[in-house]
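Quick note: the sequence shown uses the numbering used here, first residue 37, plus one each step. From the three backbone atoms N, C-alpha and C, an ideal C-beta is built for every residue, glycine too. In this text, all values refer to a predicted model and were calculated from it rather than measured experimentally. Since the structure comes first, as C-alpha cells, the remarks are kept for the end.
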Amino acid sequence: MKPFSILLLRSTVFFCLALLAIVSCKKDDDDGLPITNDLRVLQVNTEGNAISSGATDLSVISAFELVFSHGLNTSAFEAALSITPDADYAIAYDATNSLVTISFNTPLAYETEYTIRLPQGAYGAGGAASTGDFVFTFTTAAFEPPGLSLQSDESGFFEGETLTVTAKLDRAILEEVSMELVFSGSAQGEGVDYSASAASITIPAGQTTGSIELTALPDGDLEGEETITIALTNIVNAVEVSAQMLTVTLGDTPPSLEIAGVLSLKIAGTSTNGRAIHLRALEDIADLSVYGIGIANNGGGTDGREIDLPAISVSTGEDILLLRDVDAAGLATYFGDCYAEFEHLAESDGVNFNGDDPFELYNGNIVIETYGDVEVSGGGLEWEYTGSWAYKLAGVWEYGKVDCAIDAATLQEADCVYPFCTPLQLQGILAILWDGSGTNGGKAVHLRANRDIDDL
Numbered sequence: 037m038k039p040f041s042i043l044l045l046r047s048t049v050f051f052c053l054a055l056l057a058i059v060s061c062k063k064d065d066d067d068g069l070p071i072t073n074d075l076r077v078l079q080v081n082t083e084g085n086a087i088s089s090g091a092t093d094l095s096v097i098s099a100f101e102l103v104f105s106h107g108l109n110t111s112a113f114e115a116a117l118s119i120t121p122d123a124d125y126a127i128a129y130d131a132t133n134s135l136v137t138i139s140f141n142t143p144l145a146y147e148t149e150y151t152i153r154l155p156q157g158a159y160g161a162g163g164a165a166s167t168g169d170f171v172f173t174f175t176t177a178a179f180e181p182p183g184l185s186l187q188s189d190e191s192g193f194f195e196g197e198t199l200t201v202t203a204k205l206d207r208a209i210l211e212e213v214s215m216e217l218v219f220s221g222s223a224q225g226e227g228v229d230y231s232a233s234a235a236s237i238t239i240p241a242g243q244t245t246g247s248i249e250l251t252a253l254p255d256g257d258l259e260g261e262e263t264i265t266i267a268l269t270n271i272v273n274a275v276e277v278s279a280q281m282l283t284v285t286l287g288d289t290p291p292s293l294e295i296a297g298v299l300s301l302k303i304a305g306t307s308t309n310g311r312a313i314h315l316r317a318l319e320d321i322a323d324l325s326v327y328g329i330g331i332a333n334n335g336g337g338t339d340g341r342e343i344d345l346p347a348i349s350v351s352t353g354e355d356i357l358l359l360r361d362v363d364a365a366g367l368a369t370y371f372g373d374c375y376a377e378f379e380h381l382a383e384s385d386g387v388n389f390n391g392d393d394p395f396e397l398y399n400g401n402i403v404i405e406t407y408g409d410v411e412v413s414g415g416g417l418e419w420e421y422t423g424s425w426a427y428k429l430a431g432v433w434e435y436g437k438v439d440c441a442i443d444a445a446t447l448q449e450a451d452c453v454y455p456f457c458t459p460l461q462l463q464g465i466l467a468i469l470w471d472g473s474g475t476n477g478g479k480a481v482h483l484r485a486n487r488d489i490d491d492l
C-alpha cells in the first residue's frame, strides 16, 4: 500500500501545481487588455515613445502613431476622425492598415490643448466595431523665443564701400522673426553720409539669419571718422541676448597712412626711455607733413594735433619710426640691425608719453585713426604697453605683456621681441599620425610672416 500512497500524493501535487499555473495565467490575462474582437486603439506613440491621453509639453510639429487592434477600413476611419481645434494634417498607414500615422502639414498652435476623437463605430476592414468613443487629448508646449544678436562683417568702412549688418538667432524656429532698426551716431543717414537697404530685418521661419547693407556715400568732404549706431526695436518672436547696440565706423576714404605699432620700452633699466610710434604708408604720399600725431596723456579727451610729421615723400609699404629725440641713441642700440629696416626715422621732443597713453593720427586736423581710447588711461587695460609694445598685424592688434621688455638692452635680451623685427616667426610644429600614415605622416612647420617679405 505504501507505493500506491506515494503515487497518489505525487499526482495530487502535480494537479495542484497545474491548477495554480492556470489561475496565474488567468490573472495575467486580467491584468492586461481583455481578450475581445472589438476594435480598439492599443497604444498611442509620438517621437518613439508611448504616451497617454492628457500628455503635455508636446512639440508643435509632433506626429502621432495610433496602433489599432485590427486593420482599418481607411475611408470609413478618415470620414469619422476629427481633431479639434482645427489642424491641417495628413494620414498614412502601414501595410496592414492597423498602424496609423497622423502628421501635421503646418505647425500646431503653441500652448494649446488638442483632442483626437473617433466616435464609436465599425471601422475595421472586416467590420470590427469599437464599443465606445476614442478620445485622446494632448497639449503643445509654450513658445520659447530664440536669442537674437546683431553683428557686422567689418568694424568699419569708407566712402564708396558697403558693409553688411546681420541679425542672427541662436537657433532656428518655426516662426518668422522680425525687427525694426533704429539708426543713430555722428554719421547722418537717409542718403547724406550713408544709406541703408532697409529699416527692418526679417528672418524667415526655419532660418537663423537676415541682413541689410549699409552703403557709405562719397561727398568729397574731409570729415574724419564718424560712427553709425544701430539698435533694435519691435522685435517679434525673439529676444535680445543682451541689449544690442552695434556701432561701426565710417571713414572718408581708405587711409594712406596707418598706425602699425607703438613702443614704451624700459631699455637697460626700469625707466621709460624707448618711446616711439610706428607708422606705415599704405599708398604713396607726396608730403608726409600733411599728417600729424596728438597724444592724450592719461586719457581725459583729445588734445588735438601736437606733432607734425616731416615734409618728406614716402612710398607704399614703407615704415616710419617716430621717436622721442632723447631716446634715439638707446633705441638704435636696442633695435640693432632691425633699426635699418625702418625706411624713415623721425625725431620729436613731443613724443612724450607713457605706456598707458592713447594717441591719435591726423590727416590735416581730422582724426583718421586712434590707438586706445582718448577718454581713458590705458593702465590695466588690454591695450596698455608700459615697458612693452603693441603691434598691428593684418588689421588686428596684438600686445606684449606689460614690462615684458624691462631691463633689456637689446631685442635679444627681451622676453618679448617686437614682431616687426622678426619678419618670419616660428608659430607651430605638427607631427600628426592617422590610420595608414606610418611614422612619416602629418609633419609640418607652421611659420607666420609678421610683415611683407620680398624674398621668402
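Practice task
Going by CA-CA distance only, name the one from Tyr-327, Gly-192 and Ile-239 that's closest to Glu-212.
Solution key: Ile-239
Once DSSP output is grouped into helix, strand and coil, what is the label at Glu-190? coil
Problem - Sequence-distant residues of its chain with Cβ nearer than 6 Å to Thr-265 (five each side left out) - result: Ser-220, Gly-221 and Thr-283
(Q) Which residue marks the beginning of the alpha helix (DSSP H) containing Leu-259, and which one marks its end? (A) Note that residue 259 corresponds to Glu in the displayed sequence, not to Leu. From DSSP, Glu-259 is part of no alpha helix (DSSP H); its letter is neither H nor E.
task = Starting from the C-beta of Thr-458, find all residues in its chain whose C-beta is less than 8 Å away, skip the five residues before and the five after it, and write them out in chain order.
result = Asn-486
**Continuous alpha helix (DSSP H) stretch holding Ala-364: start and end** = 364-371
Report the option in Ala-364, Val-171 and Glu-249 whose CA atom is closest to the CA atom of Ser-88. Val-171
**Prompt:** DSSP three-state call for Ser-473: helix, strand or coil?
**Reply:** coil
| request: Please go through the same chain and pick out, in chain order, the residues whose beta-carbon is closer than 6 Å to the beta-carbon of Pro-254, but skip the five residues on each side of it. | output: Excluding five sequence positions before and after Pro-254, the CB atoms of its chain that fall closer than 6 Å to its own CB belong to Glu-195 and Gly-196, given in chain order.
**Asked** In the stretch 102-175, which residue ranges form an unbroken beta strand (DSSP E) of at least 3 residues, counting only runs that do not cross its ends?
**Response** 118-120, 125-129, 135-140 and 149-154
Pick from Ser-134, Ile-119, Asp-124 and Thr-120: whose alpha carbon is nearest that of Leu-78?
-> Ser-134
* Asked: So which of Ile-209, Gln-187 and Ala-158 has the shortest CA-CA distance to Pro-143?
  -> Ile-209
Based on Cα-Cα distance, which residue from Val-218, Val-228, Ala-252 and Thr-251 lies nearest to Ile-237?
-> Val-218 is the residue among Val-218, Val-228, Ala-252 and Thr-251 whose C-alpha sits nearest the C-alpha of Ile-237.
Measure how close the beta-carbons of Ala-165 and Gly-107 come, nearest whole angstrom, since I'm counting them as under 8 Å.
Their Cβ separation, rounded to whole angstroms, is 14 Å, which puts Ala-165 and Gly-107 out of contact at 8 Å.
- prompt: What residues in its chain sit with their C-beta under 6 Å from that of Lys-63, if we drop five residues either side in the sequence?
  reply: With a pLDDT of 44 at Lys-63, under the threshold of 50, the modelled position of that residue is not reliable, and the figure given next carries that caveat. So no residue of the chain qualifies.
Tell me which same chain residues have a C-beta within less than 6 Å of the C-beta of Gly-260, skipping the five on either side of it?
-> Ile-402 and Val-403
| task | For Ile-465, count neighbouring Cβ atoms within 10 angstroms of its own Cβ and tell me buried if that reaches 16, exposed if not. | result | Classification of Ile-465: exposed, given that the 10 Å Cβ count is below 16.
Residues sharing a beta bridge with Leu-299, DSSP
Ala-312 and Trp-425
Check your understanding: Among Ile-271, Asp-169, Tyr-159 and Leu-154, which residue has its Cα nearest to the Cα of Lys-204?
Key -> Ile-271
Open item on the list: Can you list, in chain order, the residues of its chain with a C-beta nearer than 8 Å to that of Cys-440? Leave out the 5 residues immediately preceding and following it.
Closed with: Gly-423, Ser-424, Ala-450, Asp-451 and Cys-452
* Asked: Given that a residue counts as buried once 16 or more other Cβ atoms are within 10 Å of its Cβ, and exposed if not, what is Gly-330?
  -> Counting Cβ neighbours within 10 Å, Gly-330 comes out buried, since at least 16 surround it.
Roughly how many whole angstroms lie between the Cα atoms of Leu-447 and Ala-382?
21 Å
Assign Met-281 to buried or exposed, taking buried as 16 or more other Cβ atoms, counted over all protein chains shown, within 10 Å of its Cβ. exposed
Practice problem: In the DSSP assignment, find the unbroken beta strand (DSSP E) run with Lys-204 in it and report its ends. | Solution: 198-205
Note to self: As a quick exercise: from Ala-223, Gly-227, Arg-207 and Ala-232, pick the residue whose alpha carbon is nearest that of Glu-216.
What the structure shows: Ala-232
Buried or exposed, going by whether 16 or more other CB atoms sit within 10 Å of the CB of Glu-114?
exposed
Note to self: Rounding to the nearest angstrom, what Cα-Cα distance links Asn-388 and Glu-377 in this structure?
What the structure shows: 23 Å
- prompt: With DSSP run on the structure shown, which of helix, strand or coil describes Leu-324?
  reply: helix
Collapsed DSSP secondary structure at Gln-448 in the structure displayed:
helix
Worksheet item: Taking all protein chains shown into account, do 16 or more other C-beta atoms lie within 10 angstroms of the C-beta of Pro-394, making it buried, or fewer, making it exposed?
Response: buried
**Of the listed residues Ile-119, Val-136, Lys-302 and Thr-148, nearest to Ile-127 (C-alpha basis)** = Val-136
task = Provide the residue(s) that pair with Ile-329 in DSSP beta bridges, ordered along the chain.
result = Ile-343 and Leu-397
Point to revise | Inter-stretch contact at 8 Å, needing at least 3 Cβ pairs: the stretch 246-253 / the stretch 146-156 | key: When C-beta atoms of the stretch 246-253 are compared with those of the stretch 146-156, fewer than three pairs fall below 8 Å, so the two segments do not count as touching.
Next item on the list: Just mark Ser-98 as buried or exposed, buried being the case when its beta carbon has 16 or more other beta carbons within 10 Å.
Entry: buried
query: For Tyr-407, does the count of other Cβ atoms within 10 angstroms reach 16, so buried, or fall short, so exposed?
result: buried
Is DSSP giving Asp-392 helix, strand or coil here?
coil
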